[in-house]
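So the sequence shown is numbered by this note's numbering: it starts at 2 and just counts up by one.
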Amino acid sequence: MKDDGTGAAKAGEDVAAEPAAASSRGRGRKTQAGTDGEGAAAAAKKSPAEGRGKKAATAKEEEPEAEEPAASEAASEEEAEEEAAPKRAAKRAKTGAKTKADKAGGEDEEKPKPARKSRAKPAAKEAEGDAGAEAKPKAKRGAKQPAAAANLVQYTAALRKPAPPAGSPTLNILSWNVAGLRALLKKTPDAVSSLVAREGAEAMCLQEHKLQADNQKEVEALLGLQGWHHAWAFSTAKLGYSGVSVHTRSPPLSVMVGLGHGGPGAADPDPEHEGEGRVVTVELEGLFLVNVYVPNSGEGLKRLDYRVGRWDGAFAAFLRGLQARGKPVVVTGDLNCAHKEIDIHSPKTNLRSAGFTVEERESFGRLLLGEAGLADTFRRLYPDTVAYTYFTRRFNCREKNKGWRLDYFLTSESMMPPEAQQEANEGEGLKAGAWAVYDTWIMQDVYGSDHLPLGLTCVKKAAA
């Protein structure tokens with residue numbers, strides 16, 4: 002869930018939890034595919050009262066403040082208008098008269114008004130954060146929209162690659178913003194363990210667990226990961242807030258909490274960074290695994306300056322320091338940024354929403370993908386695929402597939418397969434026996450949070 006520092010989202014508005022079915026790779030499981038345009042139109046005609054009685058997916062987490070994503074506020078007017086449109090249409094059909102909203106210009110999309118002569122307004126400039134984006138002319142009202150997204154496809158589980166060949170050394174890493182771990186386990190005790198078993202995971206990264214240090218042993222027992230190793234970061238600045246953890250099948254070679262241990266080039270610890278429990282790094286065989294919950298810029302963008310002015314630079318320096326140790330890096334978690342327009346359902350109405358501002362997107366591209374030399378694995382492997390990992394709990398956005406892609410797996414460029422590399426690697430590149438990215442995927446069939454879990458499969462590069 003996106004965190005604006007205003008407290009925990011109402012878990013009661015979440016959809017019902019559905020425990021994941023156990024299988025080694027989850028093949029043949031039922032998935033919730035992204036809805037197409039026809040499905041979204043059908044969803045818009047449903048009564049607003051539908052779905053209000055659904056059982057909550059998680060129990061409400063006790064904490065001092067609620068953490069409802071500020072970005073979802075920008076979409077509320079659009080969603081409310083969509084819900085109201087069918088009512089106005091029904092009234093017109095019955096009375097033959099226009100409603101007050103219609104007279105104010107609120108015509109249904111299905112019946113646009115004839116184009117009226119008016120002075121053409123200059124097209125709005127595209128957000129500068131999208132590399133290569135160009136300003137596009139504003140479409141005339143009632144005119145057919147150009148097929149700009151003709152090559153885009155909706156992500157479904159069918160796009161996931163088959164399992165690597167038998168006998169190939171494989172590393173499966175899972176990541177999930179659980180929006181309150183205790184509440185999730187209270188509602189679905191095997192929510193984490195069944196997912197780990199189904200995917201054959203070697204590591205599970207959790208964000209926004211909202212626990213304190215004195216909960217650690219109790220929750221470790223509840224996780225159901227017997228014999229696993231656990232690394233935690235807790236928020237000390239605010240109770241019931243933030244927090245990340247990494248759980249591994251094999252003992253890690255080392256564990257680092259916070260940003261003060263990156264090595265050469267890493268920044269000195271900042272009390273504000275360290276006090277919110279946002280980063281845990283474990284050293285595994287052949288790589289560093291970094292689990293992060295990036296600060297949200299908040300309602301009214303009150304933390305935007307902190308986010309792009311202090312946090313982003315310190316985090317990028319930390320990652321450069323890790324890579325200077327001679328191992329590639331895998332970064333996963335809730336990065337609280339939809340980097341490209343393809344990563345958000347409604348880009349035009351969210352240009353000043355936390356997580357999609359020009360400042361955040363430019364910083365993401367320049368520092369993480371540029372200076373830190375990381376690759377967005379999903380966008381590299383699925384460049385024209387629309388997929389979201391976060392859905393506000395309001396307006397049935399998950400059912401309508403109206404969301405944001407805020408959760409990522411970023412890796413050192415050297416880990417990407419040659420066909421997905423953006424540019425030639427410096428030096429010797431990936432050596433035999435090193436981990437290489439095979440696939441990344443989003444688990445659309447898993448409920449229990451306002452975020453979807455995602456996974457990364459790495460295989461060892463074979464000797465020449």
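A virtual CB, placed ideally from N, CA and C, is assigned to each residue, including glycine.
Note that the coordinates shown come from a computational prediction; the quantities given were computed from them, not determined experimentally.
DSSP-derived helix/strand/coil call for residue i
{"i": "Tyr156", "result": "coil"}
{"i": "Val309", "result": "helix"}
{"i": "Phe316", "result": "helix"}
{"i": "Ala50", "result": "Because Ala50 sits at a pLDDT of 41, beneath the cut-off of 50, its placement in the model cannot be relied upon, and the following sentence gives the value as read from the coordinates. It is coil, neither helix nor strand."}
{"i": "Val387", "result": "strand"}
{"i": "Asn178", "result": "strand"}
{"i": "Asn173", "result": "strand"}
{"i": "Gly456", "result": "strand"}
{"i": "Val332", "result": "strand"}
{"i": "Gln422", "result": "coil"}
{"i": "Val447", "result": "coil"}
{"i": "Glu372", "result": "helix"}
{"i": "Asp271", "result": "coil"}
{"i": "Ala203", "result": "The sequence shown places Glu at residue 203, rather than the Ala named in the question. Coil, per DSSP."}
{"i": "Lys349", "result": "helix"}
{"i": "Ala234", "result": "strand"}
{"i": "Ala435", "result": "coil"}
{"i": "Ser243", "result": "coil"}
{"i": "Ala43", "result": "Reliability of the predicted coordinates at Ala43 is poor, the pLDDT of 44 falling under 50, and the value obtained from them is presented with this limitation in mind. DSSP places Ala43 in helix when its eight states are reduced to three."}
From the options, residue whose alpha carbon lies closest to that of residue i
{"i": "Ala232", "options": "Val247, Gly241, Leu223 and Gly225", "result": "Val247"}
{"i": "Val256", "options": "Gly228, Leu285, Asp271 and Gly168", "result": "Leu285"}
{"i": "Thr358", "options": "Arg395, Asp344 and Leu370", "result": "Asp344"}
{"i": "Leu153", "options": "Ser415, Val193, Ala388 and Thr458", "result": "Ala388"}
{"i": "Ala339", "options": "Cys398, Asp313, Thr378 and Thr390", "result": "Thr390"}
{"i": "Thr336", "options": "Ser364, Gly327 and Thr350", "result": "The question names Thr, yet the displayed sequence has Leu at residue 336. Closest by alpha carbon: Ser364."}
{"i": "Pro252", "options": "Arg321, Gly228, Leu352 and Ala317", "result": "Gly228"}
{"i": "Lys162", "options": "Asp271, Ile443, Arg311 and Gly301", "result": "Ile443"}
{"i": "Val197", "options": "Arg394, Leu320 and Leu175", "result": "Leu175"}
{"i": "Glu360", "options": "Arg304, Ser413 and Thr393", "result": "Arg304"}
{"i": "Lys341", "options": "Ala325, Gly366, Leu323 and Arg353", "result": "Gly366"}
{"i": "Asp271", "options": "Lys239, Arg311 and Leu302", "result": "Arg311"}
{"i": "Tyr383", "options": "Arg362, Ser415 and Gln422", "result": "Gln422"}
{"i": "Lys239", "options": "Leu212, Ser195 and Gly168", "result": "Leu212"}
Contact under 9 Å by Cβ, residue i with residue j
{"i": "Ala204", "j": "Val291", "result": "no"}
{"i": "Leu455", "j": "Asp408", "result": "yes"}
{"i": "Tyr294", "j": "Glu209", "result": "yes"}
{"i": "Ser298", "j": "Val309", "result": "yes"}
{"i": "Gly278", "j": "Gly244", "result": "yes"}
{"i": "Ala158", "j": "Asp446", "result": "yes"}
{"i": "Gly314", "j": "Leu368", "result": "yes"}
{"i": "Arg250", "j": "His274", "result": "no"}
{"i": "Val193", "j": "Leu226", "result": "yes"}
{"i": "Asp451", "j": "Asn216", "result": "no"}
{"i": "Leu320", "j": "Leu375", "result": "yes"}
Counted within 10 angstroms of its Cβ, other Cβ atoms place residue i as buried (16 or more) or exposed
{"i": "Asp492", "result": "Past the edges of the chain, shown from 2 to 465, lies residue 492, and the structure says nothing about it."}
{"i": "Leu411", "result": "buried"}
{"i": "Ala463", "result": "exposed"}
{"i": "Leu172", "result": "buried"}
{"i": "Glu219", "result": "exposed"}
{"i": "Gly356", "result": "buried"}
{"i": "Glu372", "result": "exposed"}
{"i": "Asp306", "result": "exposed"}
{"i": "Ala22", "result": "Its pLDDT being 39, under 50, Ala22 is placed unreliably by the model, and the measurement read from it follows with that caveat. So Ala22 counts as exposed."}
{"i": "Ala317", "result": "buried"}
{"i": "Gly434", "result": "exposed"}
{"i": "Lys139", "result": "Any reading at Lys139 must be qualified, since the residue scores a pLDDT of 47, below 50, and its modelled position is unreliable; no value is offered."}
Inter-residue CB distance, residue i and residue j (contact presumed, cutoff 8 Å)
{"i": "Ala330", "j": "Thr378", "result": "Here the sequence assigns Val to residue 330, which means Ala is not the residue at that position. No, Val330 and Thr378 are not in contact; Cβ-Cβ is about 12 Å, not under 8 Å."}
{"i": "Thr333", "j": "Cys206", "result": "5 Å"}
{"i": "Ala214", "j": "Phe235", "result": "5 Å"}
{"i": "Gly449", "j": "Lys188", "result": "7 Å"}
{"i": "Lys349", "j": "Leu288", "result": "Not quite, the Cβ-Cβ distance comes to about 39 Å (not below 8 Å), so this is no contact."}
{"i": "Met417", "j": "Arg381", "result": "6 Å"}
Chain B contact for residue i (CB, 9 Å cutoff)
{"i": "Arg161", "result": "Among the chains in the structure shown there is no chain B, since it carries only a single protein chain."}
Residue i beta carbon near the ligand GDP (any heavy atom closer than 8 Å)
{"i": "Leu323", "result": "The ligand GDP is absent from the structure shown, which contains no ligand whatsoever."}
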